Every structure is written in C-alpha cells, then in structure tokens.
Amino acid sequence: MKVGFIGLGTMGAFMAANLQKSQYKLVVNDVRRDAAARHLDAGAEWGATPREVAEACDVVFTSLPGPKEVEAVVFGPDGLLAGARPGLAYFDLSTNSQALMRRIHAAFAEKGAQAFDAPVSGGPKGAETGKLAIWVGGDRATYEAHRKVLDAMGDQAAYVGEIGQATVAKLVHNMAGYAIQTALAEVFSMGVKAGLDPLDLWKTVRQGALGRRRTFDRLAEQFLTGRYDPPAFALRLAHKDVTLATSLGRELGVPMRFCQLTLEEMNEALGRGLGNLDSRVPMRLQTERAGVEIACDPAAVQAVLDADRG
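Laid out in structure tokens, this is it:
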C-alpha cells in the first residue's frame with residue numbers, strides 16, 4: 088500500500104513519521120518542501136501537488152489548519168479531487184467543517200472514491216507517541232479495510248458514523264474543553280481575589296469530588312505558572328475550532344450562550360495580538376479583570392502532580 092500525506096506541520100509531521108516507522112511507503116506534500124526533509128531522508132517520495140499524491144497512492148491523509156486549507160487542497164486545479172480514481176480512500180485528519188466534509192464526500196463518490204472526516208485528539212505529544220484518538224466518519228467497510236494504517240498513527244481509532252459525524256464529535260470535545268477553561272479562569276480568579284494562594288487553592292480543590300476526576304489538572308499547564316509561550320496549541324488554531332462549533336450550533340438552531348462567551352474571550356485575546364500564544368491565554372484576560380496575578384513556581388506545581396504519582 089502506498090500512502091499519501093499532505094500537511095507536515097506539528098501534528099502531521101509526527102503522524103507521517105509514525106507511518107514510516109510502520110514501514111508504509113509514503114508520498115508527501117506540504118506548502119514548504121523543507122518541512123518534508125526528515126521524511127524524504129527516511130525514504131519518502133515528494134509529490135509536487137496534491138493531485139500527484141492522489142494519483143500515486145491508494146490512501147491519502149491530510150493534516151491541515153482548517154477548512155480553508157482543506158478546500159484548496161481538495162478542490163484546487165491540481166487538488167486531490169483532480170487525481171482521485173475508483174478505490175482511492177481519503178481521510179482528512181484536520182478539525183474541519185461538517186458541511187465541507189459532506190461536499191468533499193459527494194465529490195469523491197462521483198469518482199468512485201471514498202472520503203472520510205477523521206479528526207484526531209491527543210495533541211502534538213499524542214501524535215508523536217501514537218497515543219492518539221482518531222474519530223472516523225464515512226463508509227464503514229472502507230474504514231475497516233484501512234484500520235491497520237490508522238492504527239499506525241493512533242491507538243484509539245474509532246468509527247463514529249456517517250460522513251460528518253466524526254467532525255461533530257471533535258467539535259463537541261474541543262468546545263467543551265474551552266468552555267470549561269473559561270469557567271475555571273473565573274472561579275480561580277475569584278478564589279485568588281479572596282486571598283487564597285493559587286497553588287494552595289489548586290492543591291485543595293484537586294481533592295474534592297471534581298478534583299479527584301482530575302478536572303483541574305490541566306491548570307498545571309500554562310495557567311498556574313502564567314506562561315503561555317511556547318504554546319502547546321496556539322490560540323489562533325483553537326479559535327478556529329470554537330468558531331466552527333458555534334457556527335454549527337447556529338446552523339442547527341441550538342442556543343450556545345456560554346460557548347459564545349468563550350468565543351468572545353478568544354476574540355478579545357486575538358485582538359490583542361495573542362494568537363500565537365497558547366490557547367489558554369484568554370484565561371489571563373480574566374485574571375487581569377479581577378486584578379489578581381497567578382504565577383506559581385513551575386517546580387512547585389510539578390511537585391504536587393508528582394506527589395500523587397508517588
């Protein structure tokens with residue numbers, strides 16, 4: 088089986104490398120050829136255009152920033168669709184738009200090919216280690232036929248349903264995380280404003296009913312230390328995900344007041360030029376409004392986490 092991979096950014100580079108570790112023959116493409124250097128050195132072929140990748144491969148993956156980039160790669164004059172043929176399977180690993188994935192699926196079907204929405208969850212570390220969820224929507228029989236190649240990239244590949252359903256699952260997942268993040272910023276700024284040391288507050292609530300489910304553990308990253316650079320996941324990318332989720336809510340007539348507030352927080356942070364910082368940086372806006380500073384010693388935060396593991 089020859090595998091195509093388009094989009095060798097933070098996530099895509101790791102996933103493509105894991106495919107190569109599993110001995111798949113790769114044809115790669117990216118807007119920057121130098122992004123493919125490590126893969127070419129490991130034996131991958133270069134596809135000059137998405138069309139060339141599709142023509143050369145049995146299955147193609149894309150890992151791209153969002154709908155705009157996916158649409159260009161698929162429908163462009165030298166796009167994937169131009170090179171699609173009967174039997175080709177295309178999996179988009181990006182966080183995308185349900186409407187766009189349905190349109191892509193229909194266009195591929197006209198050529199006897201199959202398209203899938205296959206968003207991933209696990210972040211760059213998961214992409215590197217292979218501890219990655221891959222949620223797939225589309226034809227189940229074709230999904231099962233390609234399960235082995237999906238397992239080369241992630242340990243939790245799962246069939247979700249028809250085309251577009253995996254995208255919905257990903258948007259629900261990401262929107263929940265960012266909405267919870269917004270609420271946590273509010274309650275922690277209240278606690279610190281009331282006189283509690285932020286590290287003591289965090290250690291305390293981690294032992295409550297919610298805390299024992301590890302609801303508060305993500306606060307250890309960026310928020311408690313007050314450091315949002317380098318980003319684990321950039322705000323500009325998270326903003327795209329939240330925009331997609333709230334847009335889907337509007338299309339379905341679903342009220343999403345708290346999620347809309349989360350989007351507004353991100354809009355304000357983007358307006359301040361914080362788009363390349365970590366996606367948790369809107370939490371800093373809340374602490375500024377509350378007039379408190381949260382900047383714990385990273386070593387002290389890690390010691391709390393290590394005490395549980397010990």
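The numbering used here puts the first residue of the sequence shown at 88, with every later residue one more than the last.
Cβ atoms here follow ideal geometry from the backbone N, Cα and C, with glycine treated the same way.
Bear in mind the structure is a predicted one, so any value in this text is a computation, not a measurement.
Mind checking who residue i pairs with in its DSSP beta bridge?
{"i": "E132", "result": "V114"}
{"i": "G248", "result": "G224"}
{"i": "G91", "result": "V114 and V147"}
{"i": "Y177", "result": "V147 and A202"}
{"i": "V236", "result": "V236 is not bridged to any residue."}
{"i": "D304", "result": "DSSP lists no partner for D304."}
{"i": "V207", "result": "I221"}
{"i": "D365", "result": "A321"}
{"i": "Q389", "result": "For Q389, which the question treats as bridged, DSSP gives no partner whatsoever."}
{"i": "Q373", "result": "BP columns for Q373 are empty, so no partner."}
Leaving aside the five residues before and after residue i along the sequence, list all residues of the same chain whose C-beta is less than 6 Å from its C-beta, in chain order.
{"i": "P369", "result": "E352, M353 and A356"}
{"i": "L175", "result": "A200"}
{"i": "T229", "result": "A176 and Q201"}
{"i": "A170", "result": "Residue 170 is actually Gly in this sequence, not Ala. These residues qualify, in order along the chain: R138, A141 and E142."}
{"i": "K198", "result": "A171"}
{"i": "P173", "result": "G199"}
{"i": "Y315", "result": "Q309, L364, D365 and V368"}
{"i": "A272", "result": "M370 and Q373"}
{"i": "A319", "result": "D365"}
{"i": "T182", "result": "P206, K257 and D328"}
If the criterion is Cβ atoms closer than 7 Å, does the pair residue i and residue j meet it?
{"i": "A141", "j": "L106", "result": "no"}
{"i": "K327", "j": "G153", "result": "yes"}
{"i": "G241", "j": "L258", "result": "no"}
{"i": "G224", "j": "A245", "result": "no"}
{"i": "A214", "j": "M102", "result": "yes"}
{"i": "S366", "j": "A325", "result": "yes"}
{"i": "C383", "j": "T312", "result": "yes"}
{"i": "M188", "j": "G94", "result": "no"}
{"i": "A256", "j": "W222", "result": "yes"}
{"i": "M88", "j": "S150", "result": "no"}
{"i": "I381", "j": "P317", "result": "no"}
{"i": "L113", "j": "V90", "result": "yes"}
{"i": "A321", "j": "N261", "result": "no"}
{"i": "L350", "j": "V379", "result": "no"}
{"i": "V157", "j": "D179", "result": "yes"}
{"i": "D117", "j": "A124", "result": "no"}
Taking 7 Å as the limit between beta carbons, can you name the residues of its chain near residue i, skipping five residues before and five after?
{"i": "G358", "result": "none"}
{"i": "M343", "result": "T333 and G336"}
{"i": "C144", "result": "K89, V90, G91 and V114"}
{"i": "V292", "result": "G298 and F303"}
For the alpha helix (DSSP H) holding residue i, just list the boundary residues, first then last.
{"i": "D204", "result": "Here D204 belongs to no alpha helix (DSSP H); instead the beta strand (DSSP E) covers Q201 to D204."}
{"i": "A169", "result": "L167 to G170"}
{"i": "I191", "result": "Q185 to A196"}
{"i": "E158", "result": "P154 to F162"}
{"i": "A104", "result": "T97 to K108"}
Once the 5 residues before and after residue i are set aside, which same chain residues still bring their CB inside 8 Å of it?
{"i": "A196", "result": "A202"}
{"i": "L127", "result": "V115 and W133"}
{"i": "E249", "result": "G224 and G225"}
{"i": "Q347", "result": "T333"}
{"i": "A87", "result": "Residue 87 falls outside the range modelled here, since the chain spans only 88 to 397, and no answer is possible."}
Indicate, with yes or no, if the ligand FMN has a heavy atom lying under 6 Å from the CB of residue i.
{"i": "T97", "result": "Among the components of this structure there are no ligands whatsoever, and the ligand FMN is therefore not found."}
Kindly provide the ranges of any alpha helix (DSSP H) runs that are 4 or more residues long and lie completely inside the stretch 308 to 356, ordered along the chain. Listed in chain order, they are 322 to 339.
Sequence ranges, alpha helix (DSSP H) only - wholly within the stretch 250 to 297, length at least 4: Within the stretch 250 to 297, the complete alpha helix (DSSP H) runs of at least 4 residues are 252 to 280 and 285 to 292.
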